[in-house]
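Visitor: Sharing a structure here in C-alpha cells format.
Numbering (the UniProt record's numbering), first residue to last: 1 to 377.
Here it is in C-alpha cells:
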C-alpha cells in the first residue's frame, strides 16, 4: 500500500492521506493507543511515531491526528517511511513548534440552560474559567431536591475561537456575563422550577428582533445582550453591518458569525470588511465563513488575505483557495509558496498544485471526507 496524496484538513492537527488501497464499502475504523493492538500492521507502525495520537481509516484514506506539540515537518517524513517512501532530507528536528496554531475549542457547562463555567482547549492545554456567584446561585435555585447536578450538567460546544486559551476563556466569560442578565437568569430559574419531574428539559431559545437603535447603547454589555439574541436573516444585514463596526471585538466577531450563519452570497461584501478587521479572531472567523459559503466571488478577497500578517488567517486563505480557487490565484500562491510557517507553505503548495494541475475544485476537505463516508455506508 502506498500514499497517493497528502492533504491538510481544516484542523491543523489532522492530515488526510489518500492510499492506493481501499477498505470494503461500509467499513470504517477509528484507532487510538487504547485499541491499536486490533489495528493492521501499518497502523501499529504509525503509532510508533512520536506525536501520532489517532488514526481514522475509511474507504481509500486515513486521517492522521497528531499531538498539538508535534511538528508535521518532522512527523510526515516518518509517516512516509511506514509506506515505503524515503524521508525528505533536510528536515530540522529543532524547529520551533507553535503550540497555538489553529483553533481554540470552547465549551460552556450548562445546567437547565444556566451557564456554570467555561472550558477553552488548544491541544493538550485546557483552561477553566468560572462565572460570578450569581450564576452558581441561579443553578442552585433551579435545582430540585432529587436533582443530581453533577450528572445533569452538560458541556455545550461553541464555535471555535483563536488565540491564547486563557484570554479566550476570559473573553467568553465576559460575553456570558453580558448576555445573561439578572432578569434572564430569573426566567431560566422559573422555567426550571416549573418542570415538576425535575428533568433538565432543553430551554427554548427566545429570539429578539434587534434594531439598529438597540446598538446605540453606550455600554457594550447592553449592546451584546440584545445582539446575542438575534436569529440572523438577510433582513438583518443593516443591523449586522452596524455591529461589524462596533468598538468591541466581541460584537464584531458575533456579527461575523451571523454573516456565516446566513450563508448567502449577499453577505460577501460585509465578510470582506471583516477580513480587514484589526482583530485576528474576527479576520480568521471571516475566512471560515467564506469557506462555509464557498463562493468563487470571494477569491479576490482571499488572495489578499494570503498576505495577512497573522499565520492563522494566511492558512485559512490558502485553504479556501485550495477548496475554491482558480487560475486567478496562481500568481499570489506562487509568491506565498515559501511562507515562513510550514503549515501555511504546505497548504499554499497544495492549492497551487491543484489549480495548475487542472483539478476541479472539490470544496472543503471535511465535505469530501463526509461525502466519502456517506457513499460507503
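Every residue gets a Cβ at the ideal spot worked out from N, C-alpha and C, and that includes glycine.
Only a predicted model underlies this, so the values are computations on that prediction, with no experimental measurement involved.
Report back the beta-carbon spacing between residue 330 and residue 352 to the nearest angstrom; my notes put them in contact at under 8 Å.
Guide: Right, the Cβ-Cβ distance comes to about 7 Å (below 8 Å), so this counts as a contact.
Visitor: Just grab the DSSP bridge partners of residue 56 for me.
Guide: 30 and 63
Visitor: By Cβ distance, which residues of its chain are closer than 7 Å to residue 261, with the 5 residues on each side in sequence left out?
Guide: Correct list, in chain order: 232.
Visitor: In the DSSP assignment, what residue or residues form a beta bridge with residue 129?
Guide: 118
Visitor: Nearest to residue 251 by CA position, among 289, 294, 179 and 292, is which residue?
Guide: 179
Visitor: State buried or exposed for residue 13, treating a residue as buried only when at least 16 other CB atoms are found within 10 Å of its CB.
Guide: buried
Visitor: Can you tell which of 316, 152, 162 and 134 has the C-alpha that lies nearest to the C-alpha of residue 181?
Guide: 134
Visitor: Going by beta carbon distance, what residues of the same chain come within less than 7 Å of residue 156, once the five residues before and after it are set aside?
Guide: Short of 7 Å from the beta carbon of residue 156, and not among the five residues preceding or following it, lie these beta carbons of its own chain, in chain order: 107, 108 and 110.
Visitor: Could you spell out the range, first to last residue, of the beta strand (DSSP E) harbouring residue 155?
Guide: 154-157
Visitor: From what residue to what residue does the alpha helix (DSSP H) around residue 193 run?
Guide: 182-193
Visitor: If we call anything under 8 Å between Cβ atoms a contact, is residue 303 one with residue 324?
Guide: no
Visitor: Return the CA-CA distance between residue 54 and residue 283, expressed in angstroms with no decimal places.
Guide: In this structure, the alpha-carbon of residue 54 lies about 30 Å from that of residue 283.
Visitor: Who are the Cβ neighbours of residue 37 in its own chain at under 8 Å, not counting the five residues just before and after it?
Guide: 44
Visitor: How far does the beta strand (DSSP E) with residue 110 in it extend, from its first residue to its last?
Guide: 105-111
Visitor: Can you find the residues in the same chain that come closer than 8 Å, C-beta to C-beta, to residue 42, ignoring five residues on each side of it along the sequence?
Guide: 1, 82 and 83
Visitor: Excluding the 5 residues flanking residue 126 on each side, which residues of the same chain have their C-beta closer than 8 Å to its C-beta?
Guide: 119, 120 and 165
Visitor: Can the beta-carbon of residue 343 be found less than 8 Å from the beta-carbon of residue 8?
Guide: yes
Visitor: Mapping DSSP to helix, strand and coil, what is residue 142?
Guide: coil
Visitor: Quick one: what's got a C-beta closer than 7 Å to residue 93's C-beta in the same chain, skipping five residues either side?
Guide: Note that residue 93 scores 32 on pLDDT, short of 50, meaning its location in the model is unreliable; the coordinates nonetheless yield the value given after this. So the qualifying residues of the chain are 74.
Visitor: Measure the Cβ-Cβ separation of residue 114 and residue 234 and say whether it is below 8 Å.
Guide: no
Visitor: Quick check on the DSSP output: what are the complete beta strand (DSSP E) runs of length 3 or more inside the stretch 191-261, in order along the chain?
Guide: Whole beta strand (DSSP E) segments, 3+ residues: zero.
Visitor: Counting C-beta neighbours from all protein chains within 10 Å, is the total for residue 57 16 or more, i.e. buried, or is it exposed?
Guide: buried
Visitor: Quick one: is residue 53 near chain B, going by C-beta distance under 8 Å?
Guide: Included in the structure is just one protein chain, with no chain B present.
Visitor: Residue 355 and residue 326 - do their beta-carbons sit closer together than 8 Å?
Guide: yes
Visitor: Would the beta-carbon of residue 104 fall within 8 Å of that of residue 168?
Guide: Cβ atoms of residue 104 and residue 168: closer than 8 Å.
Visitor: Per DSSP, what are the beta-bridge partners of residue 340 in this structure?
Guide: Answer is none; residue 340 lacks a bridge partner.
Visitor: Of the choices 116, 175, 185 and 288, whose alpha-carbon is the least far from that of residue 136?
Guide: 116
Visitor: Would you kindly work out how many angstroms separate the C-alpha atoms of residue 159 and residue 65, rounded to a whole number?
Guide: C-alpha separation (whole angstroms): 20 Å.
Visitor: To the nearest angstrom, report how far apart residue 247 and residue 328 are at their CA atoms.
Guide: Near 35 Å, if we compare the C-alpha coordinates of residue 328 and residue 247.
Visitor: Determine which residues share a DSSP beta bridge with residue 8 and list them.
Guide: 15
Visitor: Expressed to the nearest angstrom, what Euclidean distance is found between the alpha-carbon atoms of residue 263 and residue 293?
Guide: 5 Å
Visitor: When you compare the CB positions of residue 279 and residue 314, do they come within less than 8 Å of one another, or not?
Guide: no
Visitor: In whole angstroms, what is the alpha-carbon distance linking residue 318 and residue 295?
Guide: 15 Å
Visitor: DSSP three-state label for residue 303, please.
Guide: Three-state result, residue 303: helix.
Visitor: Between the Cα of residue 141 and the Cα atoms of 255, 163, 191 and 174, which residue gives the shortest distance?
Guide: 191
Visitor: Given a threshold of 16 other Cβ atoms within 10 Å of its Cβ, counted over all protein chains shown, does residue 128 qualify as buried or as exposed?
Guide: exposed
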